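Residue numbers (my numbering), protein chains in the order written: chain E, 22 to 365; chain P, -4 to 340; chain Y, 88 to 630; chain L, 461 to 800.
Following this line, the structure appears as structure tokens:
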């Protein structure tokens, strides 16, 4: 059962799940299939979904970035601060994107130059960026952004049920999907995720790659901050609190391996739709929101258990076919047979 | 092996079960209202509180339900787990697509909800704000739970009353730094303290924020007691804060007094043991009742929300719509040892 | 039978000519006996009907190519796996070994080929993990543990700081701790699974002394090894496995290296096809290269079509030099020139562009991305060059891979096969293909034949000669001295980070290389010769 | 032979250096805390007042108890993100039971701890039996447990008045001037570190985290060890949840939200290697105390709370940077010997 095939299978499962949820939604709520509802549905998790895309690349490359939610907040805060100070958005937006890049680069440098575990580094910058956001904007909220800005944040592309932010998500998904699956940069990402040392010995510029991935993650988080500000027509320092968990959840649910080396962008997109539709259905059916988190948690665990059980089932069947005693040390026997003699 | 499979199976089963709950629950929530003739189209109001796990809004909901039964309308309440605008907005948009007669909203942030509420109004859904207001223009009517300026003055009064000889340090324990009501009340209170000679000797030393979270509020209250040894009164214009403060004071055995806004049920024992001899609030169920009632009036066109319109609400009395289409429930109600036992919410 | 005189090979004297035939006689009961063992993993049949008798006080060699089933057999005795069929007897009693812990409790001590230690824990703890001495309330008695550990090491003739953590210890020291752990239990059967893989000359000698000492205490020893010369130097009897089947068990005194190889491979093989090609002009020039603490003042040159061997002991600095030449590490001083022009490599990709390729020593960790396909592995280093417009063209990539895979005769279903589905030898060929695809001018080979079986070894040697013939300059780092001697036109010997000798093909001999490698003077040669037998062994298993 | 002996002893010195540095983490934490304490005490004398230190240390001990559990898990190369959800669920269930007068206080508390144990065992089962990566499994149970918490809470909040009279007093009890909770935390730390240091199981915890394969070869039952540490972590989280309820009296479903972050931070600051194999529970506990003191100091120094988060972040980064410095020194020496 090769990785590729397993992932494809997982994406199939997700697709089926989405369809099933849509069916449920359609039966329990008359308005579910309405155009409006689609735009609500796709708008609900926009920022999370957008941040999930670069996060997928980062995790595939064997790292993780917990600081995205804080970077979103920082970008919100700075944008709001500048706007309140009378700085026009066409200056403000590039500024926060640059800040995003710098923040991401900081993560990247700490991980590559100082060889620190990204889990801890970004745990630190998670607090750091959030703190800076609060320092910049303090308790106040900034609003009264120009019409065009809030329209872009909340309204649909004229004549379609597609919200503007979703367009950005779609574009980003296509671009990153293309890079990951069709270019050698993507191949390098997988190589680094599966065997850093071999990649380095093969002339892959590991540090540069990771640095750019963290920077990308930072920029996109800042972009998500801009969208967040536009969508809610206001900027706050506490924007996006708790989003990182959802981002990571979407990525893992999409079949990306937490240890790196495996995962696809389509998987992540499907995972986003799964959660979006689920949440929408639950809200429409006026079910208490805790169902959302219960279902999410269950899904997340199943996303690993199902393929695992499937594989163990396969082994069990083989084992029964040629009745033999299970190996006392729980690994898959074949691996050891190969490993044993080859280990040098 | 088979053990694992068994476990996995049970787990999947459990998940299925959980997943199936929504449908059931939804059937339950669709129960038709009391036996009376619904209007056509039937009146339906969706309440979206700041958060669903908050006794304050559940108290309001009871009032709204009463109104719904009387008016033969539908009432339902949905909302986010945490008081967070980002989580609240999807509930607004999804409520809108269901095309109810009206939406009643307690905004998690005045501006965040504006786009979604405006969209709702564009689609002919009436919007009634209650408890905490969306920015003006994003609602048809806002039901103010209490006369704001009144609260400011009352808070000052109570502080003065509790501080020996109306002198000494007082501090404010508020909700979130971003909570509009609290900020408004605190502002008015500060004015009153500054401009009325009567309060000349009261020294408002600081304002801290407990984010309407029991733990944070407790920690902040701790901090106050430590930082200001001479503190006389803690003023907490938030139901969570006042309770936390009272608890801390009791635990520390400090002689600081606590006042502000709180639930009779929470504060009863502290009123009795003199930690918080006096505090205030309004009748929360009445707030829900009035909100639902106004929604119905907007729907059947009796009122439009224009300034100066007047109307009468059974069991509550006559109301006039003020500037910014604000209706005020009434003055804050003072609780003390004399009356605390008469209330239960 | 500990009363048996400690003098060397008495066991042979009494041991039966071929134990495989008749039951143990002469009063010697086999300590451990495997009979009719079958074991399969999934589709692969690892062992078929293998029988083996291990006598107390005898060192028994177990040889065979990779995949012959040696490690599987060891794992059965270590309790890691259970046999599908067949019986294991200990002192005549049939037993089932439930797991590693159980195996140890039965007095079976295993020294695994890769030291399996806990870097964060102290030396003493690593020795006693699991069987720590207990004090009151069954709590671990640290003082006693340290004392016993110290005693063990004294027995082995080494001094260790037993309370220091293991992290950072040299492979050799780790191997020693592994052995101490094995001896910490009062073992009746000691199994050494390729213990010399990472030991230097002196350490091998010391290990052999220890093993003999243990043997003389009446312990049955099973010695698994690739290195035939060691088998002859150490073991009384040898058993050869091929493709999971028992081929022969015989006294080493009645065997020659040729016999063993023939039994292992099942056919005649001529080692080391050696095609000396006239060297062309200088491609790589190294001048005064120094990396403080690792090597100093390394100067040599490498000509087109020339194979230069780089020999030396553990830590002599061979791999370190290679890493600098490939831009992984940076020199503190010195100069590197490619085809006359000086270069300074920031990273491996600079070296690649300059036409240097480096086949690293650790195939699994550094050579391959084992769960990439053959194609993906071969194209990895040159993707940017291959697809300057960023977009990967599957067809182009595939054809390239197929080309090289065929040229190197990689045995595979197709180039989409995952690398970890290949045998060690074929994996190594893929690594070769990968580096050839980068069309290098200078090829650095670090242990190119380590851990691949003799058949594949021969092919790799052929490939190396062909490459040289085709005009590549090759720097060959190898611990297999015969290999270095046979393949190289010149041999550079390092000792403690400095060049101690540069020998032409004709000057080079095992002794001379060895003396240079151990930093001794030529004059010391005579005394070198009347050293006790292990010397040539050590010499061959140079580091 | 001599060469190896020499090498050995020098290596030994290196090894000792590492262990000492590791030990120094606890020492340096204490030192830093003392300096901080003095500084704050000068700025704001009431810092040292009993009425300040008692509540601070009480809060710290609750975090510390969870940190001990988390440390155990992290030492085995895993992580438990669900601790805050376990605390919340336990805290609320206990309060709910008490408010319904279903059980008397001691029984309810016991139930709470037991519930924590069960939830921890569930995590352990996912990780050891179903081999779900710990970070994924506990991320899942984080939302799962919290979800059930909200489900049973259904918007309700249990307030002090609904609890048995005097239920929250233990948080104030002191024995010879030391708060009861602090003593509990100390007891937990002492017992755990004793087990880690002096029992075979304790060493196996390190072994599994330090080199899983070697552990397997030696027949250490990795699954059992991992399952056990997750169970213990759950148990301690449950205990902390009960204490949380006692400390704060008023409990809603959101109790202990965000604690996981503090706990992991505390463990990291306490010098436990995030990649497992090394670290002590004492360090983890000290880390918890340290972080709590920092935030308390910020309040007392009347610094804007906004700086709190930022400083938190810096502290974490500094701590881990200190670790890696040592590690890199090591790697350099190590690669030096890697040639074969």
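Just so you know, even glycine gets a beta-carbon here, dropped at the ideal spot from N, CA and C.
Note that the structure is predicted; figures quoted are calculated from it, not measured.
Query raised in the report: Whose C-beta lies closer than 8 Å to the C-beta of residue 619/L among residues of the same chain, with five residues either side of it excluded?
Result: In the fourth chain, residue 619/L corresponds to position 159, counting from 1. Cβ within range, chain order: 709 and 710.
Requested in this report: Report yes or no: is there a C-beta of chain E within less than 8 Å of the C-beta of residue 92/P?
Outcome: As a first step, residue 92/P must be located in the second chain, where it is residue number 97. Residue 92/P counts as touching chain E.
Requested in this report: Flag residue 351/Y as yes if its beta-carbon sits less than 8 Å from any beta-carbon of chain L, otherwise no.
Outcome: To locate residue 351/Y, count along the third chain from 1; it is residue 264. So, not an interface residue.
Query raised in the report: The beta strand (DSSP E) spanning residue 34/Y covers which residue range?
Result: Nothing can be reported for residue 34/Y: it is not among the residues displayed for chain Y, which extend from 88 to 630.
Query raised in the report: Between the stretch 380 to 391 of chain Y and the stretch 330 to 338 of chain Y, are three or more C-beta pairs nearer than 8 Å?
Result: no
Query raised in the report: What three-state label does DSSP hand residue 74/E in the structure shown?
Result: The sequence position of residue 74/E within the first chain is 53, counting from 1. DSSP places residue 74/E in helix when its eight states are reduced to three.
Requested in this report: Within its chain, find whatever has a CB closer than 7 Å to the CB of residue 577/L; leave out the 5 residues flanking it on each side and keep chain order.
Outcome: One-based indexing of the fourth chain puts residue 577/L at position 117. Once the five neighbours on either side are set aside, the close Cβ partners of residue 577/L are 691, 694, 695 and 698.
Query raised in the report: Taking only beta-carbon atoms, is residue 661/L less than 8 Å away from chain P?
Result: The count along the fourth chain starts at 1 and reaches residue 661/L at position 201. Output row for residue 661/L: interface = no.
Query raised in the report: If you run the structure through DSSP and keep just helix, strand and coil, what is residue 228/E?
Result: Within the first chain, numbered from 1, the residue matching residue 228/E stands at position 207. The answer is helix: DSSP assigns residue 228/E an H, G or I state.
Query raised in the report: Would residue 138/E count as contacting chain L if we go by Cβ distances under 8 Å?
Result: The residue labelled residue 138/E in the question sits at position 117 within the first chain. Answer yes: the Cβ-Cβ gap between residue 138/E and chain L drops below 8 Å somewhere.
Report task. Leaving aside the five residues before and after residue 485/Y along the sequence, list all residues of the same chain whose C-beta is less than 7 Å from its C-beta, in chain order. Result -> The residue you call residue 485/Y lines up with position 398 of the third chain. Cβ within range, chain order: 462 and 502.
Requested in this report: Spell out whether any CB of chain Y is found under 8 Å from the CB atom of residue 224/E.
Outcome: Counting from one through the first chain, the residue named residue 224/E turns up at place 203. It does: the Cβ of residue 224/E has a partner Cβ on chain Y nearer than 8 Å.
Report task. Have a look at 498/Y, 370/Y, 127/Y and 494/Y and flag the residue whose alpha-carbon is nearest the alpha-carbon of residue 162/Y. Result -> The count along the third chain starts at 1 and reaches residue 162/Y at position 75. Among 498/Y, 370/Y, 127/Y and 494/Y, the Cα nearest to that of residue 162/Y is on 127/Y.
**Report entry** Under 8 Å between C-beta atoms of residue 558/L and residue 623/L
**Finding:** Working through the fourth chain from its first residue, we reach residue 558/L at position 98. Working through the fourth chain from its first residue, we reach residue 623/L at position 163. In this structure, residue 623/L lies closer than 8 Å to residue 558/L by Cβ.
Requested in this report: Would you mind stating whether residue 528/L and residue 745/L have Cβ atoms separated by less than 8 Å?
Outcome: Mapped onto the fourth chain, residue 528/L falls at position 68. Mapped onto the fourth chain, residue 745/L falls at position 285. Yes, these two residues count as a Cβ contact at 8 Å.
Query - Option in 330/Y, 213/Y and 228/Y with minimal Cα separation from residue 220/Y - result: For the purposes of this step, residue 220/Y is taken as the residue at position 133 of the third chain. Cα-wise, what sits closest to residue 220/Y is 228/Y.
Report task. Drop a sphere of 10 angstroms on the beta-carbon of residue 748/L, count the other beta-carbons inside from all chains shown, and report buried for 16 or more, exposed for fewer. Result -> Here residue 748/L refers to the residue found at position 288 when the fourth chain is read from its first residue. When all chains shown are included, residue 748/L counts as buried.
**Report entry** Where residue 213/P meets chain L, residues with beta-carbon distance less than 7 Å
**Finding:** Counted from its first residue, the second chain places residue 213/P at position 218. Near residue 213/P (Cβ distances below 7 Å), the residues of chain L are 708.
Query raised in the report: With 8 Å set as the bound, which would you pick, yes or no: does the beta-carbon of residue 135/E sit closer than that to a beta-carbon of chain P?
Result: What you label residue 135/E is simply residue 114 of the first chain in a count that begins at 1. Not an interface residue.
Query raised in the report: Secondary structure at residue 106/Y, three-state DSSP: helix, strand or coil?
Result: Reading the third chain from its first residue, position 19 is the one you call residue 106/Y. Model confidence at residue 106/Y stands at a pLDDT of 41, short of 50, so the residue's coordinates are unreliable; what they give is reported in the following sentence. Residue 106/Y falls in the coil class under three-state DSSP.
Report task. Note down, in chain order, all residues in the stretch 192 to 223 of chain Y with a beta-carbon under 9 Å from any beta-carbon belonging to chain E. Result -> 199, 200 and 201
Query - Residues near residue 18/P in its chain [Cβ-Cβ closer than 7 Å; skip 5 each side] - result: Counted from its first residue, the second chain places residue 18/P at position 23. With a pLDDT of 37 at residue 18/P, under the threshold of 50, the modelled position of this residue cannot be trusted, and the question is left open.
**Report entry** Span separating the alpha-carbon of residue 801/L from that of residue 738/L
**Finding:** As displayed, chain L neither begins before 461 nor continues past 800, which places residue 801/L out of reach and without an answer.
Report task. Figure out for me which residue from 30/E, 277/E, 237/E and 259/E has the closest Cα to the Cα of residue 95/E. Result -> By 1-based counting over the first chain, the position of residue 95/E is 74. Answer by Cα proximity: 259/E.
Query raised in the report: What residues from chain E crowd round residue 780/L, counting only those whose CB sits closer than 8 Å?
Result: Looking up residue 780/L in the fourth chain gives position 320. Result: 137, 138, 141, 142 and 145.
Query raised in the report: Cβ of residue 736/L within 8 Å of Cβ of residue 535/L?
Result: Here residue 736/L refers to the residue found at position 276 when the fourth chain is read from its first residue. Here residue 535/L refers to the residue found at position 75 when the fourth chain is read from its first residue. Yes, they are a contact pair.
Report task. Name, going along the chain, the residues of the stretch 719 to 738 of chain L whose beta-carbon falls closer than 8 Å to a beta-carbon of chain E. Result -> 721, 724, 725, 728, 734 and 735
Requested in this report: Determine the closest residue to residue 491/Y out of 480/Y, 524/Y, 470/Y and 475/Y, with distance taken between C-alpha atoms.
Outcome: For this step, residue 491/Y is matched to residue 404 along the third chain. When only C-alpha atoms are compared, the closest one is 524/Y.
Query raised in the report: residue 269/E versus chain L: which residues are under 8 Å apart at the beta carbon?
Result: Within the first chain, the letter at position 248 stands for residue 269/E. Within chain L, the residues near residue 269/E are 599.
Query raised in the report: Who are the Cβ neighbours of residue 228/P in its own chain at under 6 Å, not counting the five residues just before and after it?
Result: By 1-based counting over the second chain, the position of residue 228/P is 233. For residue 228/P, where only same-chain residues beyond five positions count, the Cβ hits under 6 Å are 154, 157, 158, 165 and 252.
**Report entry** Cross-chain neighbours of residue 206/E in chain Y, by beta carbon under 8 Å
**Finding:** Translated into the one-based positions of the first chain, residue 206/E becomes position 185. The answer, in chain order, is 477.
Query raised in the report: What are the residues that DSSP puts in a beta bridge with residue 70/P?
Result: Taking the second chain and counting its residues from 1, one reaches residue 70/P at position 75. BP columns for residue 70/P point to 40/P.
Query raised in the report: Would a C-beta distance cut-off of 8 Å place residue 86/P and residue 40/P closer than the cut-off?
Result: For the purposes of this step, residue 86/P is taken as residue 91 along the second chain, with counting starting at 1. For the purposes of this step, residue 40/P is taken as residue 45 along the second chain, with counting starting at 1. Not in contact: residue 86/P and residue 40/P (Cβ atoms no closer than 8 Å).
**Report entry** residue 81/Y, buried or exposed, once every other Cβ within 10 Å from all chains shown has been counted against 16
**Finding:** Outside the displayed span of chain Y (88 to 630) sits residue 81/Y, for which this structure offers no information.
Query raised in the report: Can you check whether the CB of residue 600/L is closer than 8 Å to the CB of residue 318/E?
Result: Along the first chain, one-based indexing puts residue 318/E at 297. Along the fourth chain, one-based indexing puts residue 600/L at 140. Contact flag set, yes.
**Report entry** Proximity test, Cβ basis, 8 Å: residue 71/P and chain E
**Finding:** The residue given as residue 71/P occupies position 76 in the second chain. Yes, its Cβ sits closer than 8 Å to a Cβ of chain E.
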